[in-house]
Amino acid sequence: RETKIDRCRSKVYAGTMEADDFFGGYPQAKTLFTEIMKKIFPLGPIQLKTSKSQISLIGQSAFAYFWIPGRYLKGRSMAPLVLSILLSYHDKTVLWKEVTKIKEHWYMHHLEIWEETSLTNSVMSVLATAYIGGKPIEK
Numbered sequence: 039r040e041t042k043i044d045r046c047r048s049k050v051y052a053g054t055m056e057a058d059d060f061f062g063g064y065p066q067a068k069t070l071f072t073e074i075m076k077k078i079f080p081l082g083p084i085q086l087k088t089s090k091s092q093i094s095l096i097g098q099s100a101f102a103y104f105w106i107p108g109r110y111l112k113g114r115s116m117a118p119l120v121l122s123i124l125l126s127y128h129d130k131t132v133l134w135k136e137v138t139k140i141k142e143h144w145y146m147h148h149l150e151i152w153e154e155t156s157l158t159n160s161v162m163s164v165l166a167t168a169y170i171g172g173k174p175i176e177k
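Heads up, the sequence shown is in our numbering, so the first residue is 39 and it goes up one at a time.
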C-alpha cells in the first residue's frame with residue numbers, strides 16, 4: 039500500500055515536470071537535492087511544494103526551503119544549492135552562512151550545500167527541531 043511519503047518520494051525521484059523545471063540548467067543542484075532528501079524523509083511525512091524560486095518542505099507547516107543561488111546571484115563562486123531552515127531561536131550549533139531575524143522570535147538559517155556531506159548530524163538535528171515546529175526540544 040502506497041503511503042503519502044512514498045508518493046512524495048516517487049515525485050522527487052521520478053523527476054516530475056515541476057522538479058525538472060525548477061532544477062532546469064542546474065543538474066548539480068538537482069543531484070544534491072535528491073541525495074539530501076533521502077536523509078530528510080525519515081523525519082516523517084513531508085510534502086513538497088515547488089514554486090519558481092524554491093522548494094518548500096512541509097510537515098505540520100513549512101519548515102525548510104531549498105533554493106538555487108545561481109538564479110539570483112551573479113559574478114562569484116556560490117554553492118549549487120542552499121537549505122534555509124526556520125526556527126524560533128538563533129541556532130549556534132551549525133556554521134550557518136547567514137542567520138536573519140525575520141520577525142519576533144523567528145530566525146531563518148541559511149546553509150550552503152556544496153556536497154551531500156554538508157548535511158551533518160548537527161544540521162539533521164536542527165531539521166528535526168524545525169520539523170516539529172521550530173522550537174528547541176526541552177530536555
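Just so you know, even glycine gets a beta-carbon here, dropped at the ideal spot from N, CA and C.
Through-space distance from residue j to residue i, alpha-carbon basis
| i | j | result |
| --- | --- | --- |
| residue 154 | residue 171 | 25 Å |
| residue 110 | residue 80 | 31 Å |
| residue 91 | residue 68 | 14 Å |
| residue 141 | residue 73 | 32 Å |
| residue 112 | residue 168 | 30 Å |
| residue 60 | residue 86 | 12 Å |
| residue 137 | residue 63 | 28 Å |
| residue 114 | residue 107 | 11 Å |
C-beta contact flag for residue i and residue j at 8 Å
| i | j | result |
| --- | --- | --- |
| residue 84 | residue 70 | no |
| residue 102 | residue 123 | yes |
| residue 57 | residue 88 | yes |
Same chain only: Cβ atoms within 8 Å of residue i, ignoring 5 sequence neighbours per side
| i | result |
| --- | --- |
| residue 149 | 120, 121, 122, 123, 132, 134, 135, 156, 161 |
| residue 93 | 57, 60, 71, 86, 87, 103, 104, 105 |
7 Å Cβ shell around residue i - same chain, five flanking residues per side excluded
| i | result |
| --- | --- |
| residue 52 | Caution applies to residue 52, whose pLDDT of 36 falls short of 50 and renders its modelled position unreliable; the model cannot decide the point. |
| residue 3 | Given that the chain is displayed from residue 39 to residue 177, the structure contains no residue 3 and the question cannot be resolved. |
| residue 126 | 143, 144, 172, 173 |
Paired residues, beta bridge with residue i - DSSP
| i | result |
| --- | --- |
| residue 85 | 96 |
Other residues of its chain near residue i: CB distance less than 6 Å, five sequence neighbours each side excluded
| i | result |
| --- | --- |
| residue 128 | 137, 145 |
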